[in-house]
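Colleague: Chains as they are written, first to last, in my numbering: chain A, 3 to 398; chain B, 174 to 341; chain C, 647 to 809. We put the beta carbon where it would ideally sit given N, CA and C, even for glycine.
(1) Helix, strand or coil for residue 402(A), going by three-state DSSP, please let me know.
(2) Give every residue of the same chain whose Cβ lies closer than 8 Å to the Cβ of residue 469(A), excluding the five residues on either side of it in the sequence, and list them in chain order.
(3) Short check: CB of residue 392(A) to CB of residue 339(A), under 9 Å?
(4) Which residues in chain A have a C-beta closer than 8 Å to the C-beta of residue 757(C)? List them in chain order.
(5) Could you tell me the boundaries of the alpha helix (DSSP H) in which residue 164(A) lies?
(6) Along chain A, in chain order, which residues have C-beta atoms closer than 7 Å to that of residue 734(C)?
(7) Using the C-alpha atoms, what's the distance from residue 327(A) back to residue 282(B)?
(8) In chain order, which continuous runs of the beta strand (DSSP E) of length 3 or greater are located wholly inside the region 296 to 370 of chain A?
(9) Can a CB atom of chain A be found closer than 9 Å to the CB of residue 248(B)?
(10) How about residue 330(B): is its Cβ closer than 8 Å to a heavy atom in the ligand NAD?
(11) Is residue 364(A) close to chain B, meaning its C-beta is less than 9 Å from at least one C-beta of that chain?
(12) Helix or strand or just coil, what does DSSP make of residue 214(B)?
(13) Between residue 29(A) and residue 38(A), is the Cβ-Cβ spacing less than 9 Å?
(14) Any beta carbon from chain A within less than 9 Å of residue 721(C)'s own beta carbon?
(15) Indicate the three-state DSSP secondary structure (helix, strand or coil) for residue 180(A) in the structure shown.
(16) Closer than 8 Å by C-beta to residue 194(A): which residues in its own chain qualify, once you throw out the five before and the five after it? Chain order, please.
(17) Here's the rule I'm using: 16 or more other beta-carbon atoms within 10 Å means buried, otherwise exposed. How should residue 761(C) be labelled?
(18) Looking at residue 337(A) and residue 244(A), is the spacing between their C-beta atoms short of 9 Å?
(19) Against residue 336(A), what residues of chain B qualify as contacts under a CB-to-CB distance less than 9 Å, listed in chain order?
(20) Please compile the residues from chain C whose C-beta is within a distance smaller than 9 Å of the C-beta of residue 255(B).
(21) With 7 Å as the limit, tell me which residues of the region 647 to 674 of chain C have their beta carbon closer than that to any beta carbon of chain A; keep them in chain order.
(22) For the beta strand (DSSP E) containing residue 36(A), name the first residue and the last one.
(23) Rounded to whole angstroms, what is the Cα-Cα separation between residue 201(B) and residue 94(A)?
(24) Can you find a CB in chain A that lies within less than 9 Å of the CB of residue 316(B)?
(25) So, helix, strand or coil for residue 738(C), using DSSP?
(26) Looking at the structure shown, is residue 708(C) part of a helix, part of a strand, or coil, going by DSSP?
(27) Around the Cβ of residue 335(B), are there at least 16 other Cβ atoms within 10 angstroms (buried) or fewer (exposed)?
(28) In the structure shown, what three-state DSSP assignment does residue 321(B) receive?
(29) Mind listing the chain B neighbours of residue 239(A)? Cutoff is C-beta to C-beta under 8 Å, in chain order.
(30) Could you give the first and the last residue of the continuous beta strand (DSSP E) run that contains residue 273(B)?
(31) From what residue to what residue does the alpha helix (DSSP H) around residue 77(A) run?
(32) At what residues does the alpha helix (DSSP H) containing residue 668(C) begin and finish?
(33) Work out the CA separation of residue 301(B) and residue 235(A) for me, nearest whole Å.
(34) Taking residue 260(B) as the query, report the chain A residues whose CB atoms sit under 9 Å from its CB, ordered along the chain.
(35) Going along the chain, which residues of the region 776 to 807 of chain C sit with their C-beta nearer than 7 Å to a C-beta in chain B?
(36) Would you say residue 680(C) reaches chain A, if we count a Cβ-Cβ gap shorter than 9 Å as a contact?
Spelled out as structure tokens, the structure:
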């Protein structure tokens with residue numbers, strides 16, 4: 003299905019034997035290596051069972067579930083819909099705003115609530131700030147994966163600035179519970195708009211600096227170009243989404259193609275991997291898509307700030323939310339990592355009958371065996387890192 | 174294509190594999206524009222056939238399986254819900270396959286969409302629905318020797334697991 | 647060395663107990679296991695990054711349990727993960743400490759009631775020295791927890807015979 007990446011020419015591989023540079027043929031055997039769940043570069047508690055033949059990965063079996071926190075069970079047990087939001091926060095903890103937004107949106111559509119326009123704008127601002135913060139973690143830790151520690155320190159400085167903005171808005175640094183069903187928990191604080199504008203002005207040159215520091219660094223390019231190539235057809239077949247899908251050259255962004263909010267009214271462009279330094283869909287493409295998306299998010303924040311209307315931040319909704327009996331909805335949104343969907347079934351009571359969370363990281367990770375098979379074991383960490391998984395969402 | 178047109182095509186082609194005579198709609202009044210509230214019921218033993226048609230047909234081109242969810246309807250019925258979408262045609266459809274608690278078998282679609290593999294393992298893990306013809310049907314989230322299927326409505330949590338107390 | 651800077655006329659002889667010296671050395675270099683579980687691990691990363699700089703406390707992340715003094719259990723411990731945490735703890739060499747970071751590791755946190763797969767407190771499998779409340783705790787809270795652990799180390803004795 004998928005072509006293995008090109009290997010050094012003196013390194014011809016056949017199953018069970020290997021030809022060395024001196025022309026000798028050596029018999030090889032497969033070996034199983036266990037990586038994780040405690041491993042510094044699995045970004046959490048992922049366990050990979052790797053079958054290797056020499057340095058070549060023959061197969062890779064991800065084992066997940068080490069952070070299975072029973073999200074879907076909790077949704078069914080809650081006494082009302084609003085109580086689900088904090089649990090949705092904790093699913094993808096690097097990108098909590100987009101998670102709670104997706105759930106609130108799904109519940110609002112189930113209840114047919116229209117939210118005020120000001121809410122939509124604030125949600126876009128928050129989600130895009132969150133996207134930058136999330137991509138900053140992804141880029142920083144990806145730097146560590148590839149052996150560069152410095153970018154991590156720079157990205158976290160910038161991320162803290164975003165967290166300060168969130169903190170002044172809702173008091174929390176990581177898990178916010180700010181976007182509620184039918185609106186927001188409260189309005190923006192004074193000076194938020196000024197400070198966000200300051201941040202946007204500050205951050206634009208920083209993206210360029212990060213690009214100079216990491217993306218176009220020659221060592222980094224050599225480590226990531228042509229590595230872990232995910233072809234377009236495989237990506238679509240595996241329903242991969244987000245920067246990983248766009249890295250494979252598919253121009254698909256739910257914010258534009260299945261608009262769920264005002265995003266399509268703003269002026270921005272989905273970023274697509276073009277294979278500038280290697281093949282389309284390699285690790286570098288996925289990385290650069292994230293870097294460029296941050297700039298696009300800045301554009302969106304600027305426009306949303308400029309167009310922010312006055313008004314209420316809460317729709318008039320009943321205290322006890324009761325959707326109609328047997329109503330159901332699947333709403334998909336573009337979270338930081340891709341398509342985040344919630345499938346909610348109601349049974350007419352105040353708590354959901356069934357909630358399925360379709361996390362982007364879960365689906366994006368399932369394609370990992372396809373892309374690492376046939377590659378070198380040293381590239382596994384880089385490939386897994388470029389997917390940018392968050393285990394809280396993989397396991398839910 | 175609208176859901177009704179897709180249903181008509183499927184009904185003409187796979188008549189007996191579609192148990193319902195018409196398109197099913199969710200309870201209450203489905204609001205306009207939320208086409209995901211209607212669905213097509215398909216026979217649990219023929220999901221693969223129908224899904225590969227939906228993927229390959231030039232009118233349909235459902236290249237993406239957005240979501241695959243298991244549901245316990247709390248009346249002795251389990252369901253698997255397929256949310257399909259097409260990047261080319263830009264349309265969406267929902268399929269549902271139902272099975273009984275006594276005979277929880279549904280055919281796998283992982284040979285049609287690779288992404289179904291893990292979703293179906295999750296359905297097997299959390300609901301105990303056996304996915305026939307699945308290449309690698311193991312528990313995915315819980316440990317292999319876990320007792321019961323947690324998202325069933327009648328699930329009782331086990332008291333101990335390997336000497337660790339499970340309830341608070 | 648702020649405590650000793652420019653304090654003495656001449657000479658560098660300093661009298662303290664052996665315990666004091668050993669404990670001072672131990673508490674100033676508490677190496678940490680680089681190991682995160684869930685949301686709290688992001689705050690742990692933030693604590694070790696630029697703004698909070700956990701390394702000024704001598705806390706250096708190491709990837710293997712055999713080189714570390716302290717394990718931060720940062721996040722929800724699931725039942726599938728609990729046996730692995732126990733094994734990692736067993737692989738650490740004495741004297742070893744555990745900081746339980748966040749409500750989930752303390753007592754199950756928001757998952758205490760319906761979380762069928764969540765271990766309700768990491769202290770059910772390994773002993774814990776310092777509990778840090780919060781969901782997630784701020785990086786400052788983690789630093790506070792480290793200082794609490796340092797106080798504990800300072801009061802210990804490595805030399806005296808135990809009863």
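Modeller: To lay it out plainly:
(1) Since the first residue of chain A shown is 3 and the last is 398, residue 402(A) is not available in this structure.
(2) In the structure as shown, chain A begins at 3 and stops at 398. Residue 469(A) is therefore absent and cannot be evaluated.
(3) yes
(4) 71, 72, 76
(5) 152 to 172
(6) 40
(7) 30 Å
(8) 327 to 337, 340 to 349, 356 to 360
(9) no
(10) Among the components of this structure there are no ligands whatsoever, and the ligand NAD is therefore not found.
(11) yes
(12) strand
(13) no
(14) yes
(15) coil
(16) 167, 170, 171
(17) buried
(18) yes
(19) Going along chain B, no residue has its Cβ under 9 Å from residue 336(A), so there is no contact; the nearest lies around 13 Å.
(20) In chain order: nothing, as chain C lies at least about 26 Å away.
(21) none
(22) 32 to 37
(23) Because the pLDDT at residue 201(B) is just 46, under 50, the model does not fix this residue reliably, and the value given afterwards should be weighed accordingly. For residue 201(B) and residue 94(A), the distance between alpha carbons rounds to 32 Å.
(24) yes
(25) coil
(26) strand
(27) exposed
(28) coil
(29) 236, 286, 287, 288
(30) 265 to 273
(31) 73 to 79
(32) 664 to 673
(33) 31 Å
(34) 238, 252, 254, 259
(35) none
(36) yes
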